[in-house]
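This report concerns only the one structure given below.
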Amino acid sequence: MVGFKELLRRLKVQDQMTKQHQTRLDIISEDISELQKNQTTSVAKIAQYKRKLMDLSHRTLQVLIKQEIQRKSGYAIQADEEQLRVQLDTIQGELNAPTQFKVTTSKTIMLKFVSGGSADKKLCNLQTCVCYLQLELPF
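Okay, structure coming up:
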């Protein structure tokens, strides 16, 4: 038979073990809550770093695009653009030629001003034509 002293000692030992287990459970619970806080902080930092990475990637892509645009400026994007540019240069050269459009226009205007009217009017029109031709034709 077990005596009351033995039962009392066993009860005290069980209470002690229960307190130790509860203390250990409290420590583990605190550790878990700390780990959860760290996880929340880490998730927020990871999201922030992902956004920063996306922003930097986008900026890098924009810089590369601008660099390519500057590098390829002046070159034709499509094959027919070069032909169109040559045709445009030819037409521009023809229009800027002094013996072409400008002189013909000037002669037409001069003939219109000089023809018809009195002598004073012809002199005035001739002076106007000379002034106009000086402004229009580069020497």
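Heads up: the sequence shown begins at 1299 in the working numbering, then just goes up one per residue.
Beta carbons: idealized from backbone N, C-alpha and C, even for Gly.
Treat the numbers as computed from the prediction; the structure is a model and nothing was measured.
Under 8 Å between the Cβ atoms of A1448 and E1366?
The first residue shown for the chain is 1299 and the last is 1437, placing residue 1448 beyond what the model contains.
Would you kindly work out how many angstroms separate the C-alpha atoms of L1354 and K1364, rounded to a whole number?
Stepping through the sequence shown from its first residue, residue 1354 is reached at position 56. Stepping through the sequence shown from its first residue, residue 1364 is reached at position 66. C-alpha separation (whole angstroms): 15 Å.
Between which two residues does the alpha helix (DSSP H) carrying V1370 extend?
Here the question's residue 1370 lines up with position 72 in the sequence shown. In the sequence as presented, Val is not what sits at residue 1370; that position holds Lys. Run containing K1370: none; DSSP gives neither H nor E here.
Going by DSSP in three states, G1301 sits in which element: helix, strand or coil?
Position 3 of the sequence shown, counting from 1, holds the residue named residue 1301. Note: G1301 maps to coil in three-state DSSP.
Return the CA-CA distance between T1388 and M1352, expressed in angstroms with no decimal places.
As a working mapping, residue 1388 is identified with position 90 in the sequence shown. As a working mapping, residue 1352 is identified with position 54 in the sequence shown. Approximately 48 Å, taken between the alpha carbons.
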